[in-house]
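Structure, as structure tokens:
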Amino acid sequence: MSMSPSVAVVGPGAIGTTVAAALHEVGRTPRIYGRTPREQLELRVDDDRILVPGPVQTSPAQVDGAVDLVFLAVKSTQVEAAAPWLKALCDADTVICVLQNGVEQQNLVTPYSHGARIIPSVVWFPAQAQPDGSVWLRAAPRLTLPDTPAARVALTALRGTRCSVELSTDFASVAWRKLLQNAVAGLMVLTGRRSGMFARDDIAALSLAYLREGLEVARAEGASLSDEVPREIVSAFQAFPPDMGTSILADREANRPLEWSIRNGVIQRRGRAHGIPTPISDLVVPLLAAASDG
């Protein structure tokens, strides 16, 4: 693999734009593919604006061959729609780095990978799409990847950029911890409120109970997580700016399909498989599913 692998970003939303801007800043501008034509991407960081030249290519017919690395930054509900891009961009030598929520990324993407190696990721930064099409990055971006040879391709591509990469030998534990955070964020959809709601004692108590339910399932799945994780996650939400949202809330506000299955439904499904009662999930999941259906 070259020290400067050829890179494509599929899905230039909030996460995809952040990664594309990080690469562009250091002279590694990726090829950009998505549904919406744009002349450029814009990332806002504090008082800075990073403009990534386009255009965003909107037809797989515009792809001129396979690349070394694809950052797949579409939501789990959009993977099937992204399949033509993967067909055009991937071969057996390609690595697909999946920038999505959940612990089922490999299973979701494998049917469309065309022999490419797939690496899951955990995305640790809040990036919010703005009404004008720009993206507001509200914290330093970082990714956690499993410590595998394929992951080192993404590490090489992002080395020296503002997006740091950590390789984990216990990726399952990291991924499940992030999933628990994503799961409790689903409560924002049911209230229509942002992170400030976690300052309420009743919401904090409900969140802790939900997280402890998820923690039992995560441990049954092999994650090594301490009893303190639920409290740490709630405390983190309480420390966020009160207007901080989450991607699933943004999708609800825009009346788009929700990633309820991979963020919340997975706790219920895996709990049932292990014989673990999930009474809070049994209430939350159908409500989120109904919100997704419209």
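Going by the numbering used here, the sequence shown opens with residue 1212, and the numbers climb by one from there. Don't be surprised by glycine CBs; every beta carbon is placed ideally from N, CA and C.
Exercise. Can you give me the Cβ contacts of histidine 1485 inside the same chain, cut-off strictly under 6 Å, excluding the 5 residues immediately before and after it?
Key: Ala1431
Quiz item: Start and end of the beta strand (DSSP E) containing serine 1503?
Solution: That residue, serine 1503, is in no beta strand (DSSP E); its alpha helix (DSSP H) goes 1490–1504.
Exercise. Sort Gln1339, Ala1338, Pro1337, Asp1304 by Cα distance to histidine 1325 and report the nearest one.
Key: Asp1304
Quiz item: Just curious, the alpha helix (DSSP H) that arginine 1363 is in, first and last residue?
Solution: Note, arginine 1363: alpha helix (DSSP H), 1362–1369.
Self-check item: Of the listed residues Leu1426, Leu1369, Val1385, Leu1354, nearest to arginine 1481 (C-alpha basis)
Solution: Leu1426
Quiz item: Cβ atoms of threonine 1229 and alanine 1338: under 8 Å apart, would you say?
Solution: Yes. Within cutoff.
Quiz item: Going by C-alpha distance, which of Pro1490, Glu1470, Arg1242 is nearest valine 1263?
Solution: Of Pro1490, Glu1470, Arg1242, the residue nearest in Cα terms is Arg1242.
Practice problem: Kindly indicate which three-state DSSP category glutamate 1315 falls into: helix, strand or coil? | Solution: coil
Practice problem: Let me know if proline 1453 comes out buried or exposed under the rule of 16 or more other beta-carbons within 10 Å of its beta-carbon. | Solution: Proline 1453 should be labelled exposed.
Self-check item: Same chain only: Cβ atoms within 8 Å of valine 1221, ignoring 5 sequence neighbours per side
Solution: So the list reads Gly1227, Tyr1244, Gly1245, Val1281, Phe1282, Leu1283, Ala1284, Val1285, Ala1293, Trp1296, Leu1297, Leu1300, once near-sequence residues are dropped.
Exercise. Let me know the beta strand (DSSP E) ranges lying completely inside the stretch 1315–1342, each 3 residues or longer, listed in chain order.
Key: 1328–1331, 1338–1340
Quiz item: Cβ atoms of alanine 1383 and isoleucine 1330: under 8 Å apart, would you say?
Solution: no
Quiz item: Beta-carbon separation of arginine 1255 and valine 1346 under 8 Å?
Solution: yes
Quiz item: By Cβ distance below 7 Å, which residues in the same chain neighbour glutamine 1316 in space, the five residues on each side in sequence not counted?
Solution: Val1309, Pro1331
Self-check item: Residue nearest to glycine 1371 in terms of C-alpha spacing, selected from Glu1253, Ala1219, Leu1234
Solution: Leu1234
Quiz item: Just how far apart, CA to CA, sit alanine 1219 and leucine 1252?
Solution: 14 Å
Quiz prompt | Straight-line gap, valine 1477 to serine 1418 (C-alpha atoms, nearest Å) | solution = 17 Å
Practice problem: May I ask you to report which of helix, strand or coil DSSP gives phenylalanine 1451? | Solution: Note: phenylalanine 1451 maps to coil in three-state DSSP.
Exercise. Would you kindly work out how many angstroms separate the C-alpha atoms of glycine 1224 and leucine 1354, rounded to a whole number?
Key: So the two alpha carbons sit approximately 16 Å from each other.
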